[in-house]
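Notes to accompany the following structure.
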Amino acid sequence: MPEGLRVLRPVSSLQARLMLATCVLAVAAVIAVAFAARLGTRREFVKLRKDLALSAARVPSTDPAAPAAILEGTCCGAERLATAATLLQPREVLVVFDPEGRQVAITAGTVAAAMRELQVTVTGDVLTLSALSEKGAALEHLVLQYRRPPTSVTLADGRRARLYVLPVPTPEPSSAEVFLQSVDRRLVLATALIGILAVATTWLVTRRALRPVRALQEAARAIARGDFTARVSTAGPDELAELARGFNTMAGELQRQKALRERLVHDVVHELRTPLTGLRCRIESMVDGMAPDPRLALEGASEDVSHLTRLVGDLHEISLAEANELRLDVGQVDVGPLLASAVRGTALDGDPRLQTEGGDGLVVRADPVRARQVVMNLLTNASRHTPAGGSMVLSATGQDREVHIEVRNTGSTLTDDQLAHVFDRFYRVDPSRQRSTGGTGLGLAIVRTLVNAQGGRVWASATADSVTVGFALPMGSDSAASGDRPSPSAGDDVED
């Protein structure tokens, strides 16, 4: 892998993506809140500043009579006007209107005079003050209206004029900026701290939340390397715990399947070695001229070949069923004729040990050929383990929409451990039995495979002197005419 891709690989991890997405959302939310807080603070501060200024502007602090006395009779000479201005507060303006409402003179205190634009007009008894001040690089325009009685003053030409002293609300810009800058700094600091806290919390939460995912990842890699013993913790009630339980179940099944494969390979090798060895010895003895009776040697070789043929056929049938490739012709099958056909196929119809019970009137939903094969395998297996004088009972009953078919034989028994493995491939209760009498060891394994393929189930039980092996298949429809139901054909004899 190129070095650049290795560098970028951690960014593509689930934790990195979750952390990045959460951090982006958290930072965006914090910035939005900070921006809204800053904007709202500035608006409220400006409003408060204007309200305070307006409150202060209700009543002027300078008595209009004092500047009126200075301007009386001489209004409005520049020298007298400058003297009157010294009586004003820094944020006050003095304005004089003639009888026609024209502005005759205007002067202001030090702060008001420093404003970029200051105008006062009069309409009736309403005064309108328009002030334009600089606030950094921006301009702030303020318009106020006053209604107050004028102070009379005599102009130089003898006419009577109206004098007004008006407060101009001009808050100190520097203090406002200092306050707002302090607010901005605090907001930036709070945003940074909250962002760092959000990133740290996200990292901790995602790391803890994804710990089971990393454990699953490591366990999956171990299984990929062939270690099927890898397991993960299933603590917790959440979805990850459920995923862990499913993973452990899968790992256990993989481990079991691996053991079955290894055992199958071992058993197949073991089962093939004996007949192949016998076949080779017979052929070599005939080639070397050592066989006393070549015909007898050929008969033994033929038996070995037949055994190998049955073994390969049984394994092929099991593999087809397990791969869901076994073709089944499922239909309504009369159980009575099915049992009779299976008895004839195993040549047990004249055997005094065998007794058949039930089956008449029962209909099963199954493949007739495969169902007959299952019953024949059970009968063949029971016949091998039933001594002379013992008994075998082939029975069929209907229970809970199922047809139960069982074969019980006396003269043998099984332990609990043997019952647990009786349907396994190549399992023999008595390992010392010869293949000529013990079959391939696949008969009951085929029974389980064929029954499962038809939607049924198998079981085995034992008492002190008997063994019962049975299976159940879905009960067929009662409305099917017995003449239209398929009957099992002869043949398809499969031995255990």
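For the sequence shown, the working numbering assigns the number 1484 to the initial residue and increments by one for each residue that follows.
Yeah, the Cβ is synthetic: ideal placement off N, Cα and C, and Gly gets one too.
For Glu-1808, the secondary structure class from DSSP, reduced to helix, strand or coil, is coil. For Pro-1835, the three-state secondary structure derived from DSSP is coil. Straight through space, the alpha carbons of Leu-1627 and Pro-1650 are spaced by roughly 10 Å. DSSP assignment within the stretch 1500 to 1531 yields no whole alpha helix (DSSP H) run of 4 residues or more.
When C-beta atoms of the stretch 1726 to 1737 are compared with those of the stretch 1701 to 1711, three or more pairs fall below 8 Å, so the two segments count as touching.
Residue state for Cys-1558 is assigned as strand, using DSSP reduced to three classes.
Contact between the stretch 1854 to 1873 and the stretch 1826 to 1844 is present: 3 or more CB-CB pairs across the two stretches fall below 8 Å. For Ala-1849, the uninterrupted beta strand (DSSP E) segment begins and ends at 1846 to 1849.
CA-CA distance, Ala-1549 to Thr-1611, rounds to 23 Å. DSSP places Pro-1695 in the uninterrupted alpha helix (DSSP H) bounded by 1694 to 1707.
By the 16-neighbour rule on beta-carbons within 10 angstroms, Pro-1632 is exposed.
Separation of Ser-1616 and Met-1598 (C-alpha to C-alpha, rounded to the nearest whole angstrom) is 5 Å. In this structure, DSSP gives Val-1890 an extended state, which the three-state scheme calls strand. Nearest C-alpha to Gly-1953 among Arg-1690, Arg-1744, Thr-1880 and Thr-1590: Thr-1880. In this structure, Arg-1848 sits near Leu-1956, with a CB-CB distance shorter than 8 Å.
Val-1912 and Gln-1901 have their C-alpha atoms some 7 Å from each other. When DSSP reads this structure, Pro-1957 sits in a beta bridge with Glu-1885.
A direct Cα-to-Cα measurement between Leu-1794 and Gln-1815 gives close to 31 Å. By the neighbour-count criterion, in which 16 or more other beta carbons inside 10 Å mark a residue as buried, Phe-1580 falls on the buried side. With a contact defined as Cβ atoms closer than 8 Å, Leu-1625 and Ala-1614 qualify at about 5 Å.
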